[in-house]
Every structure is written in C-alpha cells, then in structure tokens.
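Residue numbers (my numbering): 1477 to 1553.
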C-alpha cells in the first residue's frame, strides 16, 4: 500500500508539474503521457477549462499530499 500510494503520488506530482508547464508554454517531453489531464480532461470539462492552470496546481498538491501520506504510513513488521 505504501509503495503504491507513493508511486501514484509521484506520477500525479509529475503530471501536475508537466501540465502547468504545458499550460504556460508547450511541453514537448512525454506530453502524451504527462499532460493527459491538461490536454484531455481539463479541456473537455466546461467548468474546469477556464481554470486549467489552477487545476494543474491542485494535481501537484494532491500528488505531494499522497507522497507525504505514503511516507507516514508505518509498515507493520
């Protein structure tokens, strides 16, 4: 559980940072993977499309929170 949550948090953090860069400039590196939220989801949802930069930053914060929670989970041994 700890490793899974950490991996998902890391991916969300990368996707949020990449989406923010892609929103401000064009991000060419692995754009089809890392910018999935920014290019596919945020542009198609009407109420989020006006706040795409804010939504990408929320994805960064969500990923960081998941990483922090993953670090605080104690392993039972």
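The beta carbon of each residue, even a glycine, is placed where N, CA and C say it ideally should be. As the structure is a prediction and not an experimental result, all values here were calculated from the model.
- Put simply, the backbone Cα of residue 1482 is about 10 Å away from that of residue 1488.
- Going by DSSP, residue 1489 is part of the alpha helix (DSSP H) stretching over 1478-1500.
- The distance from the Cβ of residue 1492 to that of residue 1536 is about 3 Å, consistent with a contact at the 8 Å cut-off.
- Contact between the segment 1494-1501 and the segment 1519-1532 is present, with at least three C-beta pairs closer than 8 Å.
- With a 10 Å radius around the Cβ and a threshold of 16 neighbouring Cβ atoms, residue 1505 comes out exposed.
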